Amino acid sequence: VPELKNGAIANPGNGAVEPASSLNNESFAPPNKGYYRPVYQQDIWMWSNFHPDFHKVQQNQWNGFESFSLLNREYNFPVGGRVQYLPFRMFSQCYPQEFQFQEFHYFVVMDFEATCDKDRNPHPQEIIEFPSVLVNSVTGQLEASFQTYVRPVYHQHLSDFCKELTGIQQLQVERGVPLSEALLMHDKWLEDKGIKHTNFAVVTWSNWDCRVMLESECHFKRIWKPPYFNRWINLRVPFNEVFGGVRCNLKEAVQLAGLAWEGRAHLWP
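Here the sequence shown is numbered in the numbering used here, starting from 105 and rising by one per residue.
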């Protein structure tokens, strides 16, 4: 079971939803009537066919699966004029209903970029890019994306290291918007997409984006932060559960999941 600390809320699908502040215990309804509430079993769960020890699971626990051949198929969908491929086994429809644990309609996947330097990061660090991708939790399809550059206030000139690491140039941040405006733009984007009032989860790779970066910058700049950023799914938790605690960076994790990496990879894990 993933380690939960600082009052983290256990996602019934066995991920961890990390709160940045104290929250009321909210119950989320399933996306539709065709899905059961999540149920966790000690030896088998939604992703157990990935797990290194899955062969130890007793055969009778797999009776719900009619065909294992489906797990090796691929499913393609268009994204921005290109065709992406995801392993079919990553979609809920290849599992019987009792193993479909997903209770969110959508995942809002975030990955901030911030000011940095090689030997010592500037203090305070500030977000310089605000990207977000909308993923349908049932189909796995990337339905929309949001991106804006953010203008730093305390350290307005990016270091050469920062520009090389992130690929973000000085002119781009100079033409960017304040963080407060970026948050409002993103909130309106969710509203326009009809996502804001559905059951969705913010998803990040590690707790840095929401717990460290966004929380601290909103605090010292006295910026209002939408409440849905107060808790999130740290994707490393279910990933480690699936792949037996293997240590890897985000690009390596994507490759282990059988996906094709796109974009600029960081040196940071």
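No residue lacks a Cβ here, since even glycine has one placed at the ideal position from N, Cα and C. Here the structure is a predicted model, which means the values were calculated and not measured.
In the DSSP output, what is residue i paired with across the bridge?
i       : result
Arg-351 : Looking at the DSSP assignment, Arg-351 forms no beta bridge with any residue, so it has no partner.
Gln-251 : Pro-235
Glu-217 : Glu-233
Val-246 : Before going on, a small fix: residue 246 reads as Leu here, not Val. In the DSSP output, where bridge partners are listed per residue, Leu-246 has Val-239.
Thr-308 : Asn-338
Tyr-258 : Its beta-bridge partners do not exist; DSSP assigns none.
Assuming residue i and residue j make a contact with CB atoms under 8 Å, what is their CB distance in whole Å?
i       : j       : result
Asn-236 : Val-213 : Contrary to the premise, residue 236 reads as Ser rather than Asn in this sequence. Confirmed, about 7 Å.
Trp-336 : Cys-314 : 5 Å
Gln-273 : Lys-267 : 6 Å
Please confirm whether residue i and residue j have their CB atoms less than 7 Å apart.
i       : j       : result
Asn-311 : Asn-338 : yes
Ala-305 : Phe-211 : yes
Thr-243 : Val-281 : no
Leu-246 : Val-239 : yes
Ser-263 : Ile-327 : no
Asp-221 : Phe-265 : yes
Lys-300 : Ala-248 : no
Lys-355 : Ala-364 : no
Phe-347 : Ala-286 : no
Kindly examine the ligand MN and report whether one of its heavy atoms sits closer than 6 Å to the Cβ of residue i.
i       : result
His-259 : Here there are no bound small molecules, and the ligand MN is not part of this structure.
If we count the other Cβ atoms within 10 Å of its Cβ and call it buried at 16 or more, is residue i buried or exposed?
i       : result
Ala-218 : buried
Glu-345 : buried
His-290 : buried
Asp-223 : exposed
Ala-357 : buried
Trp-293 : buried
Pro-342 : buried
Arg-279 : exposed
Glu-295 : exposed
Using 8 Å as the threshold, is the stretch 302-321 in touch with the stretch 225-233, meaning 3 or more CB pairs across them?
yes
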